[in-house]
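Comments concern the structure below.
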Amino acid sequence: MEVLYFLKDRTRLIRQYYECAAQPFIEIMRKIEAKEEPYVPPYSEDGEPAFLSEWIDASELLEVTGRCCISMLSASLQLYFRTWERQLGLSCGKEFAAAFKKEGLVRGYQTCLGDKVGIDWSRCPADLSIIEQVILARNRDQHPESITTVRITHAEKDWKSYPQPFFLSERESDLFQDSDDASWLMSPSLHVSRDKLMTAIDQVECLCEWLEEKMFDAKYPSRMRRD
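The working numbering numbers the first residue of the sequence shown as 74 and each following residue consecutively.
Spelled out as structure tokens, the structure:
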């Protein structure tokens, strides 16, 4: 089975889904900011911007869309690993349970595939820190802590592991760079912009492209002997 083919079919759909799903919310925000119909501000003497609640709703739904796509990407990567795990007759989760529990999914598979398949992870061209944060972002999104908001923040333990998280807005990135104490005052939001999502997808594809031939070599050793 060419597992990479199915992984890339999923990432193709994730890209397409985001572009289609995000557009209505982006357009609502643009029209409100440009004061275009149907968001032409009526005369008002109070200080609150017109259509503020509509803008906030669109902004929050755009955030939800990005996080939804990250969850889909995380699931796709997990399926890639698990499919090859079955194809190679491995039991990574059982044999290396301690690594998975302590280090997470990506490093758990790094340990397993390094030991069982001989993968030299130092030669991996993908940015594994971004890929690890894809899994962390999915976990935060799927296990929210408060019913009062759809805003998701980085977990404190994740924040300590990645002091400059990949999934962070430019505004909050500047804030936390400028203040040494900011991390103790508030947790940064988990922000998945279009650019960050596309970069994360690219890195997952890069990882799986690099792994694919190595997995086939492990499954069919005669390929290596012929080479």
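Don't be surprised by glycine CBs; every beta carbon is placed ideally from N, CA and C.
Note that this is a predicted model, so its numbers are computed, not measured.
Return the Cβ separation of residue i and residue j in integer angstroms, given the expectation that the two are a contact with Cβ distance under 8 Å.
i: Y91; j: R267; result: 7 Å
i: R140; j: V277; result: So it is not a contact: roughly 16 Å between Cβ atoms.
i: I87; j: L146; result: 6 Å
i: A148; j: C279; result: About 18 Å separates the two Cβ atoms, so there is no contact after all.
i: Y153; j: L80; result: 5 Å
Apply the 10 Å Cβ neighbour rule to residue i and answer buried if 16 or more other Cβ atoms are within range, or exposed otherwise.
i: C93; result: exposed
i: R85; result: exposed
i: D231; result: buried
i: L125; result: exposed
i: I101; result: buried
i: A273; result: buried
i: P236; result: exposed
i: R211; result: buried
Over the uninterrupted alpha helix (DSSP H) stretch that includes residue i, give me the two end residues.
i: K108; result: First-last for K108: undefined, no H or E at that position.
i: Y182; result: 178-189
i: M288; result: 267-292
i: G162; result: Unbroken run through G162: none, as it is neither H nor E.
i: I225; result: Here I225 belongs to no alpha helix (DSSP H), and DSSP marks it neither H nor E.
i: A210; result: 201-215
Would you say residue i and residue j are within 8 Å of each other, going by their C-beta atoms?
i: R244; j: I225; result: no
i: K269; j: F239; result: yes
i: L150; j: V207; result: yes
i: C281; j: L77; result: yes
i: M74; j: Q183; result: no
i: V179; j: E205; result: yes
i: G181; j: A172; result: yes
i: P114; j: A123; result: yes
i: S144; j: Q89; result: no
State the Cα-Cα distance for the pair residue i and residue j, rounded to the nearest angstrom.
i: I99; j: A131; result: 7 Å
i: I203; j: D119; result: 45 Å
i: S242; j: S262; result: 8 Å
i: K167; j: C185; result: 10 Å
i: S260; j: T138; result: 21 Å
i: A291; j: W128; result: 52 Å
i: L284; j: I105; result: 46 Å
i: V190; j: R83; result: 25 Å
i: F169; j: C142; result: 29 Å
i: E218; j: C197; result: 35 Å
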